[in-house]
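Note sheet for the following structure.
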Amino acid sequence: MSYRSIAIMGTLALAAAAAVAQAPAKTWTPSRTADGQPDLQGTWTNATLTPLQRPPELAGKEFFTEEEQAAFEKKRLQQNDVESVDDGKRGPADLARRAYNGAWFDRGSHGVNTRRTSLVVEPSDGRIPPMTPEGKKKFDEAHSNFAAHPADGPENRPLSERCILFPNAGPPMLPEPYNNNYQIVQSPGFVTIMAEMVHDVRVVPLDGRPHLPSNIRQWKGDSRGHWEGNTLVIDTTNFSYNDKSRFGVAYDGFTDQNLHVTERFTRTGPGTITYRATVDDPTIYSKPWTIETTLSKRDEPIYEYACHEGNYGMFGILSGERTQEKTAAAKAK
Amino acid sequence: MPDGKPNLNGIWQTMNTANWDLQTHGPAMAPVVAMGAQAATPPGIGVVEGNEIPYLPAAAKIKEANYAKRLALDPETKCYLPGVPRATYMPYPFQILQSAQSLMIAYEYAGAARNINMGKPKEPPTDSWMGWSNGHWEGDTLVVDVIGLNDSTWFDRAGNFHSDSLHVIERYTPVSADTIQYQATIDDPKTFSRPWKIGMPLYRHLEKNLQLMEFKCVEMTEELLYGHLRKEPRKQQ
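Protein chains in written order, with this note's numbering: chain A, 1 to 333; chain B, 1001 to 1237.
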């Protein structure tokens, strides 16, 4: 039931994904909520064809021209669909490759409206900066551990497969292949951001209260907000540490308990919010890095994405691994 | 609120034992012996009007079977979304986030959340765990019409259940600065012979700097759900 629902949701999300890409109007002044906050409310999407990091072949190229952007978008959309072409191959890797295709992906049909070639804007090479020696060591250990123990138990799997956290919810709120939808509600003294994946709600107090004690750790961290002019600034600490990367399967990002995220939301027009997030984790990265995306307004409500309730995948992954082990043991005899 | 509507913003919680059993009940032993008094059922006065849940005969038998296997069958054991109205009286706080155009309820348990559509009523595209909520004001009362609920949630730990024909009408009426009277009318012709009602106050949390904590209980259920599929099963406590 849940899986069927998810499939329906996916289709709906795709149908409604025509994001309104509007050029930022610098003179545009947002309206205010009843308690005087610049109004960010509504349903938004950060779906984009632009990759997190600048591809190596675009080194040195920070922005596309209009023509280049159009060609890039066309190519990316074709890649989405190429993956859905049935080439007759039936190996496990082929089936996995075709598990998600153009009908599923909800990356929208455009790159970011700044025509940048990556979501990473600082450093200016568009790449996540090198890891510190300690960070590299942790990263390598996590990856070799994952290779050696891909599915000893559920904890070996990425947070997203466990239905605990998807990168969409963040922070930082990073677009995923699908369901990049958010709703923002501003009640007196709070900004609340709900990510459709996986009904993850961040209730952000604006009253300057201190963060939770540092021994308290949460997957989405602990967020505190304040306004700087028309920009909402959210400061998040107290993150849980998990060596399966809290950035999920789509990204190579890696963080530990020292992660500190600073997000900036600026309404730039009736249909757009510019979103910037700076990732600072001094034990992992040699310097902070910043991403920028556009949140585009949608007219559709967001829906329930009940992930854990229909997580048949986890049963399949673990029992498949056990079966393979049994087969291998029988062969060895 | 500046728009003249009652302000329901705040962190709220019930103060009753409805999540153990909607009807008046005595204490009961914990379903896990090792849990002793910690997980015993606390006795409590029921929240059902007239204390009777009007099950159809076949449904009454299912309820009894549910009760007998309640630890294994209650969706709460697996950290599944609680549905409506159960989300309201789970023993966890929830926060109402109300602005001039939006109304959202965030629940601490399982990170459940609901958007109350305060605009033109809409039909849900499919059934879901938390259902589809269309809200409107009747004087000072927020009335929420909840449809599109699936058949997989329970009302409590005592096995009270429903089908996918469930239709819930909730009424949130502020009765003082720090209390809301909550009422839910439950209609499900496949399960009950007539609609019935539950009612209870919601109390405002007054603690300074209180916040909903992250309670992603999925992690607390992985051993229960997947433990038998581990490479090396954990030693049971």
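Positions of the beta carbon are idealized from the N, C-alpha and C atoms, including for glycine. Predicted model only: the values in this text are computed from it and were never measured.
Following the continuous beta strand (DSSP E) through A/Met194, name the residue where it begins and the one where it ends. Position 194 of the first sequence, counted from the start, is the residue given in the question as residue 194 of chain A. For A/Met194, the uninterrupted beta strand (DSSP E) run begins and ends at 190–195, by DSSP.
Unbroken beta strand (DSSP E) run spanning A/Arg162, endpoints: As a position in the first sequence, residue 162 of chain A is number 162, starting the count at 1. It is not in any beta strand (DSSP E) - A/Arg162 carries neither H nor E in the DSSP assignment.
So which of A/Glu68, A/Val112, A/Gly60 has the shortest CA-CA distance to A/Ser296? Start at 1 with the first residue of the first sequence, and residue 296 of chain A comes out as number 296. Considering only alpha carbons, the answer is A/Val112.
For a test of the three-state rule: what should DSSP assign to B/Met1035, helix, strand or coil? In the second sequence, the residue the question calls residue 1035 of chain B occupies position 35. DSSP places B/Met1035 in helix when its eight states are reduced to three.
What residues of chain A sit near B/Gly1111, judged by a beta carbon separation below 7 Å? The sequence position of residue 1111 of chain B within the second sequence is 111, counting from 1. By Cβ distance, chain A contributes His199, Asp200, Val201.
Separation of B/Ala1030 from B/Thr1041, as counted between CA atoms: Stepping through the second sequence from its first residue, residue 1041 of chain B is reached at position 41. Stepping through the second sequence from its first residue, residue 1030 of chain B is reached at position 30. Distance between the alpha carbons of B/Thr1041 and B/Ala1030: 6 Å.
Residue environment, A/Gly248, which counts as buried when at least 16 other CB atoms sit within 10 Å: As a first step, residue 248 of chain A is located in the first sequence; it is residue number 248 there, counting from the start. Here the model assigns A/Gly248 a pLDDT of 43, short of 50, so the residue's position is not dependable, and the following value carries that caveat. A/Gly248 comes out buried.
If you measure from the CB of B/Phe1094, is any heavy atom of the ligand GDP nearer than 8 Å? Ligands displayed in this structure: none; no statement on the ligand GDP is therefore possible.
Local Cβ density within 10 Å of A/Gln79, reported as buried at 16 or more and exposed below that: Within the first sequence, residue 79 of chain A is the residue found at index 79, counting from 1. Classification of A/Gln79: exposed, given that the 10 Å Cβ count is below 16.
Using the Cα positions of A/Pro172 and A/Phe254, report the straight-line distance between them to the nearest angstrom. Along the first sequence, one-based indexing puts residue 172 of chain A at 172. Along the first sequence, one-based indexing puts residue 254 of chain A at 254. Answer to the nearest angstrom: the Cα atoms are 12 Å apart.
Are the C-beta atoms of A/Val261 and some chain B residue less than 9 Å apart? Reading the first sequence from its first residue, position 261 is the one you call residue 261 of chain A. Residue-level contact by beta carbon fails for A/Val261 and chain B, as no gap is shorter than 9 Å.
Over what stretch of residues does the beta strand (DSSP E) that includes B/Thr1077 continue unbroken? Along the second sequence, one-based indexing puts residue 1077 of chain B at 77. Element bounds for B/Thr1077: n/a, residue is neither H nor E.
Would you give the residue range spanned by the beta strand (DSSP E) that B/Met1118 belongs to? As a first step, residue 1118 of chain B is located in the second sequence; it is residue number 118 there, counting from the start. Looking at the DSSP string, B/Met1118 is not in any beta strand (DSSP E), and its letter there is neither H nor E.
Within 9 Å (strictly less), CB to CB, does A/Leu206 reach chain B? As a position in the first sequence, residue 206 of chain A is number 206, starting the count at 1. For A/Leu206, the answer is no, since every Cβ of chain B falls outside 9 Å of its Cβ.
DSSP-derived helix/strand/coil call for B/Pro1174: Translated into positions along the second sequence, residue 1174 of chain B becomes position 174. Strand at B/Pro1174.
B/Trp1012 and B/Pro1082 closer than 9 Å at C-beta: Here the question's residue 1012 of chain B lines up with position 12 in the second sequence. Here the question's residue 1082 of chain B lines up with position 82 in the second sequence. The answer is no: Cβ separation not under 9 Å.
Which bits of chain A does B/Tyr1226 rub up against, with CB to CB less than 8 Å? Indexing the second sequence from 1 puts residue 1226 of chain B at position 226. Result: Gly153, Pro154, Met314, Phe315, Leu318.
Does the region 114–131 of chain A touch the region 290–305 of chain A, meaning 3 or more C-beta pairs lie closer than 8 Å? yes
Using alpha carbons as the reference points, say which of A/Gln324, A/Thr236, A/Asp152, A/Gly108 lies closest to A/Pro344. With chain A covering only 1 through 333, there is no way to say anything about residue 344 of chain A.
Indicate whether the contact test is met: 3 or more Cβ pairs, each with one atom in the region 1193–1207 of chain B and one in the region 1171–1180 of chain B, closer than 8 Å. yes
Compare the C-beta of A/Arg322 with all C-beta atoms of chain D and state if any pair is closer than 9 Å. Checking the listed chains, one finds no chain D in this structure; the protein chains it contains are A and B.
So, at 7 Å on beta carbons, what are the nonlocal neighbours of A/Gln324 in its own chain, with the 5 sequence-adjacent residues on each side left out? Sequence index remark: in the first sequence, residue 324 of chain A carries index 324 (1-based). Contacts found: none.
Between B/Arg1234 and B/Thr1153, how many whole angstroms is the CB-CB distance? I'm expecting something under 8 Å. For the purposes of this step, residue 1234 of chain B is taken as residue 234 along the second sequence, with counting starting at 1. For the purposes of this step, residue 1153 of chain B is taken as residue 153 along the second sequence, with counting starting at 1. Actually they do not touch by this definition, with Cβ atoms about 29 Å apart.
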